[in-house]
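Here is the structure we will look at.
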Amino acid sequence: DTGVSQDPRHKITKRGQNVTFRCDPISEHNRLYWYRQTLGQGPEFLTYFQNEAQLEKSRLLSDRFSAERPKGSFSTLEIQRTEQGDSAMYLCASSYGGGWSYEQYFGPGTRLTVT
Amino acid sequence: AQRVTQPEKLLSVFKGAPVELKCNYSYSGSPELFWYVQYSRQRLQLLLRHISRESIKGFTADLNKGETSFHLKKPFAQEEDSAMYYCALFSNTGKLIFGQGTTLQVKP
């Protein structure tokens, strides 16, 4: 297992287009998190799943954003009608459990540029 | 409100000098705090967590509840310590709340 993987690593899109990102967590991890990081800031929480259930969504996640984890394994994050403000690094993380003692392992991120 | 503040965007020291990266938090309850590190062109990774009271790569961090701080320290900086450091708080709903990050630059 090579850790959390994300695809694509980079995405350039025009304003108004839809984009979808994929995250593959470490195989035995039941928690999966999405964070967003803009330039000069730390990662900000977007949403997380326990198995296939989406347990929490941030106010940052407008109705243009949707995330799924259909079989409790990989997850997708879709952004509809992208805006320039959506340009950011989108990070995925996974953990074996949900408590503070379970380390969150991060993927390499998907860098989105909206032109 | 649950919040983490790292007041310094950049900390520049010479090799061998002591390092202290500041972190303050706001949290009602007993906090669980972490330091994450991101080396150049690598992914974010856990450096240490306060509960284990361990020293990783010579770094330590002590939780001071009175001052609501969790500063990261190392007595003698090495060039390979140059990286971005994030302080993070584990929220009561199961997510991490990160500070803005501090770039540590260790000059030869």
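Residue numbers (the working numbering), protein chains in the order written: chain A, 182 to 296; chain B, 2 to 109.
Heads up, the beta-carbon is just placed ideally off N, CA and C, and yes, glycines get one too.
(1) Given a limit of 8 Å on CB to CB distance, which residues of the segment 186-199 of chain A reach chain B?
(2) Any beta carbon from chain B within less than 7 Å of residue 215 (chain A)'s own beta carbon?
(3) Please confirm if the segment 201-218 of chain A is in contact with the segment 246-265 of chain A, defined as three or more CB-CB distances below 8 Å between the two stretches.
(4) Residues of chain B with CB closer than 7 Å to the CB of residue 229 (chain A), please, in chain order.
(5) Reducing DSSP to helix, strand and coil, say where residue 51 (chain B) ends up.
(6) Grouping DSSP H, G and I as helix and E and B as strand, with all else coil, what is residue 264 (chain A)?
(7) Straight-line CA distance for residue 13 (chain B) to residue 241 (chain A)?
(8) So which residues of chain A does residue 44 (chain B) contact, with C-beta pairs closer than 9 Å?
(9) Do the CB positions of residue 291 (chain A) and residue 187 (chain A) come within less than 7 Å of each other?
(10) Beta-carbon of residue 106 (chain B) versus every beta-carbon of chain A: anything under 7 Å?
(11) Buried or exposed for residue 175 (chain A), please, with buried defined as at least 16 other CB atoms from any protein chain shown within 10 angstroms of its CB.
(12) How big is the Cα-Cα spacing for residue 20 (chain B) and residue 197 (chain A)?
(13) Check whether the Cβ atoms of residue 250 (chain A) and residue 237 (chain A) lie closer than 7 Å to each other.
(14) Would you list, in chain order, the members of the segment 237-253 of chain A that have their beta-carbon closer than 7 Å to a beta-carbon of chain B?
(15) At least one CB of chain A closer than 7 Å to the CB of residue 91 (chain B): is that the case?
(16) Decide if the segment 81-97 of chain B is in contact with the segment 25-43 of chain B; the criterion is three or more beta carbon pairs, one per stretch, under 8 Å apart.
(17) State the Cα-Cα distance for the pair residue 15 (chain B) and residue 22 (chain B), rounded to the nearest angstrom.
(18) Can you find a C-beta in chain B that's less than 7 Å from the C-beta of residue 206 (chain A)?
(19) Counting only the same chain and skipping the five closest in sequence on each side, list residues whose C-beta sits under 6 Å from that of residue 25 (chain B).
(20) Pick out whichever of B:102, B:58, B:54 and B:64 has its Cα sitting closest to the Cα of residue 79 (chain B).
According to the structure shown:
(1) none
(2) no
(3) Judged by Cβ distances under 8 Å, the segment 201-218 of chain A makes contact with the segment 246-265 of chain A, as three or more pairs qualify.
(4) Within chain B, the residues whose beta carbon sits less than 7 Å from that of residue 229 (chain A) are 95 and 96, listed in sequence order.
(5) Under the three-state reduction of DSSP, residue 51 (chain B) is assigned to helix.
(6) DSSP places residue 264 (chain A) in coil when its eight states are reduced to three.
(7) 33 Å
(8) 184, 185, 272, 286, 287, 288, 289 and 290
(9) yes
(10) no
(11) No statement about residue 175 (chain A) is possible, as the shown extent of chain A runs from 182 to 296 and does not include it.
(12) 46 Å
(13) no
(14) 237
(15) yes
(16) yes
(17) Taking the straight line joining both Cα atoms gives about 15 Å.
(18) no
(19) Cβ within range, chain order: 6, 69 and 70.
(20) B:58
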